[in-house]
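In what follows, a structure is listed as structure tokens, so that the remarks can point back to it.
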Amino acid sequence: MSSVNAQRLVHDIVATADLFLRESTRLFRPHGLTAPQFNVLNLLAGRTDGQGYSQRELADTLVVDRSNVTGLLDRMEAAGWVRRVDDPSDRRVYRVQLTATGKKLWQKVAPGYADVVAQVTARLGEKDMGETLRLLEVLREDATRWVAPKG
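If you read the sequence shown in my numbering, its first letter stands for residue 408, the second for the next number, and so on.
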């Protein structure tokens, strides 16, 4: 890929993410939520085994620094949306779980978010989405390897 195409690709990814973030922010703000907080609620709501996630698992899944997750969870715990519980298999680890209040909030906001996602991806078939996901995973892995050592 030429340098011009590579730069355009990165620009288009960032511009698309920015548009999506702005729409998500508009959707979440009336509920006192931020996009990162919704992402945590969404992950926890999808966890059906009741175990929740460790802070490390959340950071890795969200592709953010663990120190950022700590502050994010502090605010969410203060709001009553999540709780931290001791991990029975490792006393050094906390598991983050969705509270009933957090689940109610997620149930309120998730349908609107799903509508936005459906509208944004309406012209893509399953095959297109699968291929796009695969390519974005490659880019994210490479970006993570390149950026992580630099801080």
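Note that beta-carbon positions come from the ideal geometry of N, C-alpha and C, so glycine has one too. All of these numbers come straight from a predicted model, not from anything done at the bench.
Own chain partners of residue i with C-beta closer than 7 Å, once the 5 adjacent residues on each side are dropped
i: residue 458; result: 502
i: residue 446; result: 469
i: residue 488; result: 448, 506, 508, 509 and 512
i: residue 427; result: 527
For residue i, three-class secondary structure by DSSP
i: residue 496; result: coil
i: residue 504; result: strand
i: residue 411; result: helix
i: residue 589; result: Since the first and last residues shown for the chain are 408 and 558, residue 589 lies out of range.
i: residue 486; result: coil
Residue i burial status per 10 Å Cβ neighbour count (16 or more: buried)
i: residue 409; result: exposed
i: residue 474; result: exposed
i: residue 536; result: exposed
i: residue 465; result: buried
i: residue 509; result: buried
i: residue 431; result: buried
i: residue 444; result: buried
Own chain, CB closer than 8 Å to residue i, minus 5 neighbours either side, in chain order
i: residue 467; result: none
i: residue 531; result: 539
i: residue 450; result: 460, 465, 468 and 469
6 Å CB neighbourhood of residue i in its chain, flanking five on each side removed
i: residue 520; result: none
task = Would you list, in sequence order, the uninterrupted beta strand (DSSP E) runs of no fewer than 3 residues that lie entirely inside the stretch 514-552?
result = As for any beta strand (DSSP E) of minimum length 3 sitting wholly inside the stretch 514-552, there is none.
request  = Only counting runs of 4 or more residues, tell me where the alpha helix (DSSP H) segments fall wholly within the stretch 427-483, in order along the chain.
outcome  = 442-452 and 462-469, all fully within the stretch 427-483.
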